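Asks: Structure below; questions to follow.
Protein chains: 4
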Amino acid sequence: MSGKAEDRSSKKKKEKRQLILEAAVQEFARKGYHNTRMEEIAQTAGIGKGTIYEYFESKLKLFQAMMEDSLKAYFISLEEKGQKPVTMEQRLTKLVEAHISFCQANKELTRVVFWDPEAFDSELRDWTVSIRAEKLQRTIDLLKEGIDRGEVRSDLDIRIMSEIVLHTLGAFWYPLIVEGWNVDPGVIARHYTEIIMNGIKNNTGN
Amino acid sequence: MSGKAEDRSSKKKKEKRQLILEAAVQEFARKGYHNTRMEEIAQTAGIGKGTIYEYFESKLKLFQAMMEDSLKAYFISLEEKGQKPVTMEQRLTKLVEAHISFCQANKELTRVVFWDPEAFDSELRDWTVSIRAEKLQRTIDLLKEGIDRGEVRSDLDIRIMSEIVLHTLGAFWYPLIVEGWNVDPGVIARHYTEIIMNGIKNNTGN
Amino acid sequence: MSGKAEDRSSKKKKEKRQLILEAAVQEFARKGYHNTRMEEIAQTAGIGKGTIYEYFESKLKLFQAMMEDSLKAYFISLEEKGQKPVTMEQRLTKLVEAHISFCQANKELTRVVFWDPEAFDSELRDWTVSIRAEKLQRTIDLLKEGIDRGEVRSDLDIRIMSEIVLHTLGAFWYPLIVEGWNVDPGVIARHYTEIIMNGIKNNTGN
Amino acid sequence: MSGKAEDRSSKKKKEKRQLILEAAVQEFARKGYHNTRMEEIAQTAGIGKGTIYEYFESKLKLFQAMMEDSLKAYFISLEEKGQKPVTMEQRLTKLVEAHISFCQANKELTRVVFWDPEAFDSELRDWTVSIRAEKLQRTIDLLKEGIDRGEVRSDLDIRIMSEIVLHTLGAFWYPLIVEGWNVDPGVIARHYTEIIMNGIKNNTGN
DNA sequence: CATGAATGAGACTTCATTCAT
DNA sequence: AATGAATGAAGTCTCATTCAT
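Chains as they are written, first to last, in this note's numbering: chain A, 2 to 207; chain B, 2 to 207; chain C, 2 to 207; chain D, 2 to 207.
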């Protein structure tokens with residue numbers, strides 16, 4: 002009783018918005034956008050159905066807000082852990098490590114964020130596209146710098162190279178989240194970097 | 002009139018099923034499962050709403066059938082073009098080429114098939130998971146053979162390596178389908194193989 | 002093959018109408034009007050769905066025709082067995098006997114005919130009402146004659162008396178048809194007559 | 002305006018369920034189960050279509066609930082008026098009187114409740130059968146007691162006798178409800194008892 | 001602010017009926 | 001005459017959103 006009362010009082014203004022967003026992540030992650038009912042989100046959040054509408058215009062807006070917040074957290078997480086390194090190899094390693102760590106720490110969240118959202122809303126789709134474009138541009142910039150420094154090959158099409166480097170990052174989401182792989186981010190990061198930098202060809206002359 | 006008559010006669014039995022499947026691919030691709038109404042599929046197919054139910058039990062069954070048929074076509078397409086080559090490098094190249102060609106030739110279809118389907122149905126999800134597992138196993142087998150032949154490095158974790166090799170294939174779907182890239186499959190295939198086999202590191206000592 | 006062909010050829014014009022009616026009785030009896038689909042009737046009759054419409058305008062008309070035919074058969078059956086007797090007691094006995102025999106011989110049919118049809122159609126309802134009115138009038142006439150002959154009490158309201166005499170006839174339908182009572186019509190008939198004529202009161206002074 | 006407001010406030014919680022049930026009785030009685038649309042029930046109840054589903058899972062469940070409630074009311078009504086009498090004759094008289102009174106007071110309701118429901122649902126049918134079995138058993142018990150006391154003949158088959166006594170009760174439903182007979186329950190009750198107890202035979206030696 | 005009962009647009013699905021073969 | 005593939009009107013039920021309390 003008092004516990005619930007305390008919960009109530011501690012959930013002041015802005016905090017309730019957060020509460021809803023967390024419930025939304027959980028529910029949307031488990032069942033997808035269309036199979037999640039507003040009432041379920043409300044229940045998970047421990048509030049009334051109508052209250053959600055005090056903080057979000059509609060189901061779609063709630064979903065969008067959740068995506069934005071989540072991606073923001075993702076990017077912050079990447080930046081936090083990826084500042085110091087200098088060589089391309091170190092950068093990539095740190096990037097992957099940060100990515101894997103984030104995924105492991107926010108399983109439910111990434112299940113939604115890295116889902117290619119069903120085309121249920123053009124506005125949302127446009128936004129997703131722009132996020133993707135930004136990610137790609139960052140990758141291109143990264144590789145360009147690598148080329149300038151002589152660390153990266155200059156004989157390949159930079160766009161194609163970037164698409165591969167970027168997209169490969171997602172290779173781990175499925176085993177990590179869905180299958181529950183419980184590997185060390187460092188191990189994956191080293192494999193990723195090794196392959197992307199040196200390929201899988203056997204050069205030992207063996 | 003004669004045109005319609007011809008249509009009728011040519012759309013015998015099995016052909017109408019195909020007609021519906023094609024309409025379904027188109028509509029599901031454009032708007033996703035939940036935003037596509039059975040009536041729209043019917044209209045696109047040029048038939049009545051009820052007719053769909055003569056061929057498919059329900060909307061979900063139609064979707065499943067479409068997925069199965071599409072993936073079957075995809076795998077057949079891969080196998081057709083990937084028989085002759087012997088070295089690992091040649092195999093990967095052919096594989097990517099076939100993948101890209103299929104995507105380009107079936108833009109709408111791949112938009113649905115390679116979407117991670119929203120968790121709207123557990124049966125469908127299980128099936129998707131099993132498809133994924135099969136793809137991964139094939140990749141693992143491919144790389145094992147390469148290791149045995151001394152073409153592929155043996156110092157990397159084969160599972161992680163396989164996940165990367167497999168997943169990277171999907172790197173081109175977005176630019177090809179959504180952005181409408183119109184590149185030569187061969188060029189992409191060569192880049193893919195080059196990077197996966199040799200990495201992006203500059204080894205020229207430049 | 003030849004068997005089916007023979008069936009076909011032997012089912013000439015009017016016979017196919019009968020075939021459909023028999024199938025209709027069976028299906029309507031088992032599942033009721035609304036839960037019986039035209040296709041099921043067609044299948045039971047061993048013909049095509051569209052053929053029914055060659056003989057009956059609509060599902061409702063088919064139902065009506067089935068009811069009419071069935072009731073006609075019922076009344077004929079009653080008359081056949083109820084001609085000779087002279088006293089009221091003998092008449093009632095014969096009547097019940099004929100009624101029971103008909104029910105036992107046409108279980109499926111009576112299941113439909115004696116159902117109070119759901120008010121799905123005003124025309125049908127009117128017809129049912131008129132049938133009922135006729136039955137009642139016959140009963141009234143029967144009892145009037147009995148009164149005139151001094152066989153029946155004259156101190157009771159003839160309408161109420163008639164309603165009871167008539168309605169009681171239906172008391173046996175449920176155990177006979179639904180529960181599958183397998184009793185001798187004569188036994189029931191004697192009980193009915195005994196009770197209706199003499200009541201259940203113990204007059205033995207016991 | 003104030004009227005509507007009053008309605009609202011008076012229709013709290015449980016009362017709306019009742020409101021829906023009353024509307025259901027009315028509509029089902031008038032048009033039968035299959036010809037009654039949920040929307041019509043809603044309109045009659047003066048509420049929205051979806052509201053019904055807040056109180057009842059489905060159309061069928063609503064129908065079942067209505068039947069159960071109605072029968073409960075019927076049995077209560079019978080028991081209320083049938084306590085004091087001692088002789089068999091008095092009992093039967095009271096029973097019929099109560100039955101008739103209930104029918105007259107709940108015309109619409111009895112139109113549904115005493116309809117032999119079309120076999121649209123096996124669960125409902127089973128329930129109906131069990132109700133019937135219970136009614137019959139009560140009648141058998143009643144007559145057994147009468148036999149023990151020497152009030153009822155012991156030379157008749159008790160099952161057949163009971164079926165007749167029970168079923169005859171229904172003889173008045175049609176004229177009362179459908180034809181709108183407006184007779185005194187006492188008159189009918191006396192006729193019923195007189196006939197069932199003493200029969201219709203003229204014993205005056207006239 | 002918070003609530004949840006009430007709402008009704010909208011989607012799937014059924015099935016009597018039609019009509020070209 | 002017989003057929004059964006095709007049709008689309010109609011009905012049940014869901015669920016995002018509103019609004020009186």
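Where a beta carbon is used, it is the ideal one built from N, C-alpha and C, also for glycine. Every value quoted in this text rests on a predicted model; they were computed, and no experiment measured them.
What does the Cβ neighbour count give for residue 77/D, buried or exposed, with the cut at 16 atoms within 10 Å?
Replies: Taking the fourth sequence and counting its residues from 1, one reaches residue 77/D at position 76. Residue 77/D is exposed by the Cβ-count criterion.
Asks: Kindly identify the DSSP beta-bridge partner or partners of residue 108/D.
Replies: Within the fourth sequence, numbered from 1, the residue matching residue 108/D stands at position 107. BP columns for residue 108/D are empty, so no partner.
Asks: Please list, in chain order, the chain D residues whose beta carbon lies closer than 9 angstroms to that of residue 199/C.
Replies: Numbered from its first residue, the third sequence carries residue 199/C at position 198. The contacting residues are 154, 199, 200, 201, 202, 204.
Asks: In terms of DSSP beta bridges, what is residue 145/A paired with?
Replies: Taking the first sequence and counting its residues from 1, the one referred to as residue 145/A is at position 144. The partner list for residue 145/A (beta bridge, DSSP) is empty, contrary to what the question assumes.
Asks: Run through the DSSP bridge pairs and tell me what residue 202/B is partnered with.
Replies: Locating residue 202/B in the second sequence gives position 201, counting from the first residue. Answer is 153/A.
Asks: Determine the extent of the alpha helix (DSSP H) in which residue 52/A is found, giving its start and end residues.
Replies: The residue given as residue 52/A occupies position 51 in the first sequence. Unbroken alpha helix (DSSP H) run through residue 52/A: 50-56.
Asks: In chain B, which residues lie with their C-beta within 7 angstroms of the C-beta of residue 186/A?
Replies: Within the first sequence, the letter at position 185 stands for residue 186/A. Within 7 angstroms Cβ-Cβ: nothing; residue 186/A doesn't reach chain B, min ~12 angstroms.
Asks: Kindly indicate the opening and closing residues of the alpha helix (DSSP H) around residue 160/D.
Replies: Here the question's residue 160/D lines up with position 159 in the fourth sequence. It spans 159-169 - the alpha helix (DSSP H) in which residue 160/D sits, taken as one unbroken run.
Asks: Excluding the 5 residues preceding and the 5 following residue 160/A in the sequence, name in chain order all residues of the same chain whose CB lies nearer than 8 angstroms to its CB.
Replies: Numbered from its first residue, the first sequence carries residue 160/A at position 159. Within the same chain, residue 160/A has close Cβ partners 141.
Asks: Going by DSSP in three states, residue 94/D sits in which element: helix, strand or coil?
Replies: Taking the fourth sequence and counting its residues from 1, one reaches residue 94/D at position 93. DSSP places residue 94/D in helix when its eight states are reduced to three.
Asks: Who are the neighbours of residue 169/D on chain C, taking C-beta pairs under 8 angstroms?
Replies: Mapped onto the fourth sequence, residue 169/D falls at position 168. Those within 8 angstroms of residue 169/D in chain C are 165, 168, 169, 172.
Asks: Could you name the residues of the same chain whose beta carbon sits closer than 7 angstroms to that of residue 152/A, not counting the 5 residues immediately before and after it, in chain order?
Replies: Position 151 of the first sequence holds residue 152/A. Excluding positions up to five away in sequence, the list reads 88, 89.
Asks: At which residues does the alpha helix (DSSP H) containing residue 177/A begin and terminate?
Replies: By one-based count along the first sequence, residue 177/A stands at place 176. Element bounds for residue 177/A: n/a, residue is neither H nor E.
Asks: What alpha helix (DSSP H) runs, 4 residues minimum, are completely inside the stretch 13-44 of chain A?
Replies: 14-32
Asks: Just to make sure I have the definition right: I need the residues of chain D whose C-beta is within less than 8 angstroms of the C-beta of residue 157/C. Which are they?
Replies: Position 156 of the third sequence holds residue 157/C. By Cβ distance, chain D contributes 192, 195, 196, 201.
Asks: Identify, in the order they occur along the chain, each residue of the same chain with its Cβ nearer than 6 angstroms to the Cβ of residue 177/A, setting aside the five sequence neighbours on each side.
Replies: The sequence position of residue 177/A within the first sequence is 176, counting from 1. Sequence-distant Cβ neighbours of residue 177/A in its own chain, meaning closer than 6 angstroms and more than five residues away, are 104.
Asks: Please classify residue 154/C as buried or exposed, where buried requires at least 16 neighbouring CB atoms within 10 angstroms.
Replies: As a position in the third sequence, residue 154/C is number 153, starting the count at 1. Residue environment for residue 154/C: buried (at least 16 other C-beta atoms within 10 angstroms of its C-beta).
Asks: Grab the span of the alpha helix (DSSP H) containing residue 115/C for me, first residue to last.
Replies: Position 114 of the third sequence, counting from 1, holds the residue named residue 115/C. Run containing residue 115/C: none; DSSP gives neither H nor E here.
Asks: Could one say the Cβ of residue 116/B lies closer than 8 angstroms to chain A's Cβ atoms, at least one of them?
Replies: Within the second sequence, numbered from 1, the residue matching residue 116/B stands at position 115. With 8 angstroms as the cut-off, residue 116/B counts as an interface residue toward chain A.
Asks: Taking just the CA atoms, how far does residue 113/D sit from residue 107/D?
Replies: Position 106 of the fourth sequence, counting from 1, holds the residue named residue 107/D. Position 112 of the fourth sequence, counting from 1, holds the residue named residue 113/D. Rounded to the nearest angstrom, the two C-alpha atoms are 10 angstroms apart.
Asks: Output needed in chain order: residues of the stretch 93-108 of chain A with a Cβ under 7 angstroms from some Cβ in chain B.
Replies: none
Asks: Please confirm whether residue 172/C and residue 164/D have their CB atoms less than 8 angstroms apart.
Replies: Taking the first residue of the third sequence as position 1, residue 172/C is located at position 171. Taking the first residue of the fourth sequence as position 1, residue 164/D is located at position 163. Yes, they are a contact pair.
Asks: Helix, strand or coil, according to DSSP, for residue 88/B in the structure here?
Replies: Against the second sequence, residue 88/B aligns to sequence position 87. Reduced to three states, the DSSP call for residue 88/B is coil.
Asks: Please list the partners that residue 189/A has in chain B, where partner means a Cβ-to-Cβ separation under 7 angstroms.
Replies: Counted from its first residue, the first sequence places residue 189/A at position 188. Against chain B, a Cβ distance below 7 angstroms from residue 189/A picks out 161.
Asks: Residue 111/D to residue 56/A, Cα distance in whole Å?
Replies: Working through the fourth sequence from its first residue, we reach residue 111/D at position 110. Working through the first sequence from its first residue, we reach residue 56/A at position 55. Linking residue 111/D to residue 56/A through their CA atoms gives a straight-line distance of about 52 angstroms.
Asks: Residues in the stretch 70-93 of chain D with C-beta within 9 angstroms of chain C's C-beta atoms, listed in sequence order?
Replies: 89, 90
Asks: Kindly indicate which three-state DSSP category residue 102/B falls into: helix, strand or coil?
Replies: As a working note, residue 102/B is residue 101 in the second sequence. In the structure shown, residue 102/B sits in a helix (DSSP, three-state: H, G or I).
Asks: Would you say residue 139/C lies against chain D (beta-carbon separation less than 8 angstroms)?
Replies: Here residue 139/C corresponds to residue number 138 of the third sequence, with the count starting at 1. Not an interface residue.
Asks: Under 8 angstroms, do residue 201/B and residue 39/A count as touching if we go by C-beta distance?
Replies: On the second sequence, residue 201/B is found 200 positions in, with the first residue counted as 1. On the first sequence, residue 39/A is found 38 positions in, with the first residue counted as 1. Result no, Cβ atoms of residue 201/B and residue 39/A do not sit closer than 8 angstroms.
Asks: Measure the Cβ-Cβ separation of residue 98/C and residue 187/C and say whether it is below 8 angstroms.
Replies: Along the third sequence, read from residue 1 onward, the residue named residue 98/C stands at position 97. Along the third sequence, read from residue 1 onward, the residue named residue 187/C stands at position 186. Against a cut-off of 8 angstroms, the Cβ pair of residue 187/C and residue 98/C comes out as a contact.
Asks: Beta-carbon of residue 54/D versus every beta-carbon of chain C: anything under 8 angstroms?
Replies: Numbered from 1 along the fourth sequence, position 53 holds the residue referred to as residue 54/D. Not closer than 8 angstroms to any Cβ of chain C, the Cβ of residue 54/D fails to qualify, so no.
Asks: Within 10 angstroms of the Cβ of residue 26/B, are there 16 or more other Cβ atoms? Answer buried if so, exposed if not.
Replies: Here the question's residue 26/B lines up with position 25 in the second sequence. Burial call: buried.
Asks: Exposed or buried, which one is residue 134/A when buried takes at least 16 other CB atoms within 10 Å?
Replies: Against the first sequence, residue 134/A aligns to sequence position 133. Per the 10 Å Cβ criterion, exposed.
Asks: For residue 109/B, which of 23/B, 53/B, 169/B has the nearest alpha-carbon?
Replies: Along the second sequence, read from residue 1 onward, the residue named residue 109/B stands at position 108. Ranking 23/B, 53/B, 169/B by Cα distance to residue 109/B puts 23/B first.
Asks: For a contact meaning CB atoms closer than 8 angstroms, what does residue 133/C contact in chain D?
Replies: As a position in the third sequence, residue 133/C is number 132, starting the count at 1. Listed along chain D are 175, each with a C-beta nearer than 8 angstroms to that of residue 133/C.
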